[in-house]
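Scroll down for the structure; my scribbles are underneath it.
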Amino acid sequence: MLERLREEMHQVVSRWDREHARDGMWREPLLAVASADDPLFSELRTAVAPDHAMPGDLLPGARSVLVFFLPFARRLGRENAAEKEFAARSWAEAYVITNRLIHAVNEHLEAVIRDRGFAASTTPATHNFDEERLVSGWSHKHIGFIAGLGTFGSHHWLITEAGCCGRLGSLVTTLPLPPTPRPSVELCLLKAGGKCGGCFKKCRYDALFPDRFDRHACYRQCLANDSHHADLPLVDVCGKCGCEVPCSHGIPKSSETG
Ligand code: SF4
Ligand code: SF4
Numbered sequence: 237m238l239e240r241l242r243e244e245m246h247q248v249v250s251r252w253d254r255e256h257a258r259d260g261m262w263r264e265p266l267l268a269v270a271s272a273d274d275p276l277f278s279e280l281r282t283a284v285a286p287d288h289a290m291p292g293d294l295l296p297g298a299r300s301v302l303v304f305f306l307p308f309a310r311r312l313g314r315e316n317a318a319e320k321e322f323a324a325r326s327w328a329e330a331y332v333i334t335n336r337l338i339h340a341v342n343e344h345l346e347a348v349i350r351d352r353g354f355a356a357s358t359t360p361a362t363h364n365f366d367e368e369r370l371v372s373g374w375s376h377k378h379i380g381f382i383a384g385l386g387t388f389g390s391h392h393w394l395i396t397e398a399g400c401c402g403r404l405g406s407l408v409t410t411l412p413l414p415p416t417p418r419p420s421v422e423l424c425l426l427k428a429g430g431k432c433g434g435c436f437k438k439c440r441y442d443a444l445f446p447d448r449f450d451r452h453a454c455y456r457q458c459l460a461n462d463s464h465h466a467d468l469p470l471v472d473v474c475g476k477c478g479c480e481v482p483c484s485h486g487i488p489k490s491s492e493t494g
């Protein structure tokens, strides 16, 4: 059943790439599964927020959590890195359209699961966080980690086998599925004990340092980008620390250190 869901997701993303995206916007999507009973979920109340939702809060009887990653086309990372002060126009547009794609993937997978006689509950793509504390009530990247999609980079993004440049979505279901294994090693070169730190050099907004992350400074820059692209819907994004670094579009190799 997981392969069927992967194939269905692939078809939705391919169709959107043909019909809605100029010059190609997404690469091959990834889909992973966490057991709704995974003990790491309860740790999110310590690691992320005391009121972080559990799978059963979103769907009574939940058995599995599906987490998907929609990797951006490489050109989007290049264009965002090349734009010096603000997020590139194409990066901001990709954020807007990918929010819609996440919704479409969620709806499609939910319909496939319902056809099989199981329930599913989708989760919002974004803006499900507390605007003062800037912590999430349903953190896709932490849930992606639990599902084995990747490990956290020094830039606090999830590094997947398709890199970190892209967007995550998730849904909770009563369909029992085997959980996907988590990577056995750190994918971030620095966290693995090697040399890199390319992401720190990319942040020019006093937010990301080797020893600390100022999430308020980061969010200020995200809001500055929203103001800069004021004609678009809300685009409180930046992403410079994940663009044109060794982990942008795949598992980083030590020969590519930033
Ligand atoms: S740029 Fe280097 S140090 Fe930063 S997250 Fe990626 S691999 Fe880790
Ligand atoms: S998203 Fe932007 S402001 Fe935030 S840490 Fe990365 S480069 Fe810095």
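Numbering (my numbering), first residue to last: 237 to 494.
Glycine included, every Cβ here is placed at the ideal spot set by N, Cα and C.
Determine, using beta carbons only, whether V269 and P415 come nearer to each other than 8 Å. Going by C-beta atoms, V269 is nearer than 8 Å to P415.
Is the region 295-310 touching the region 433-441 in the sense that three or more CB pairs, one from each, lie closer than 8 Å? No contact exists between the region 433-441 and the region 295-310.
Residue interval of the alpha helix (DSSP H) (run including I333): Taken as a continuous stretch (DSSP letters only), the alpha helix (DSSP H) holding I333 covers R325 to D351.
Would you mind reading off the limits of the alpha helix (DSSP H) that contains V248? Looking at the DSSP string, the run of the alpha helix (DSSP H) that includes V248 is L238 to H256.
Which one of L423, A356 and L444 has the shortest CA to CA distance from L411? Checking every option, the nearest Cα to that of L411 belongs to A356.
What is the DSSP secondary structure of L411, counted as helix, strand or coil? Under the three-state reduction of DSSP, L411 is assigned to coil, being neither helix nor strand.
Going by Cα to Cα distance, which pick from G478, K489, S490 and I487 is closest to E315? Taking only the C-alpha atoms, the option nearest E315 is G478.
Between H465, V473, G373 and R403, which lies nearest to C458 when the distance is taken from Cα to Cα? Selection H465, V473, G373 and R403 evaluated against C458 yields V473 as nearest (Cα-Cα).
On the three-state DSSP scale, how would you describe L276? If DSSP states are grouped into helix, strand and coil, L276 belongs with the helices.
Once the 5 residues before and after D274 are set aside, which same chain residues still bring their CB inside 6 Å of it? The residues are I382.
Taking DSSP as the reference, what is the three-state secondary structure of L294? In the structure shown, L294 falls within a helical segment according to DSSP collapsed to helix, strand and coil.
Return the bridge partner residues of I379 from the DSSP annotation. In the DSSP output, where bridge partners are listed per residue, I379 has none listed.
How is the beta strand (DSSP E) around G386 delimited, first residue to last? G386 to F388 is the span of the beta strand (DSSP E), which, as asked, contains G386.
Residues in the same chain with beta-carbon distance under 7 Å from H391, minus the five sequence neighbours each way, listed in chain order, please. Taking H391 as the centre and dropping the five residues before and after it, the same chain places the C-beta of C435, L444, C477 and G478 closer than 7 Å to its C-beta, in chain order.
Exposed or buried, what is R350 when buried is set at 16 or more other beta-carbons lying within 10 Å of its beta-carbon? Exposed is the call here.
What residue from Q247, S420, A257 and I395 has the CA that sits closest to R311's CA? Among Q247, S420, A257 and I395, the Cα nearest to that of R311 is on A257.
Supposed contact pair L425 and L488 - C-beta distance, whole angstroms, cut 8 Å: A small correction: the amino acid at residue 488 is Pro; Leu does not occupy that position in the sequence shown. Between P488 and L425, the beta carbon gap of about 5 Å places them in contact (Cβ cut-off 8 Å).
Between which two residues does the alpha helix (DSSP H) containing A317 stretch? Boundaries of the alpha helix (DSSP H) around A317: R310 to A318.
Could you pull out every residue in the same chain whose Cβ sits closer than 8 Å to the Cβ of F322, ignoring the five residues on either side in sequence? Within the same chain, F322 has close Cβ partners A460, N461, H464 and H465.
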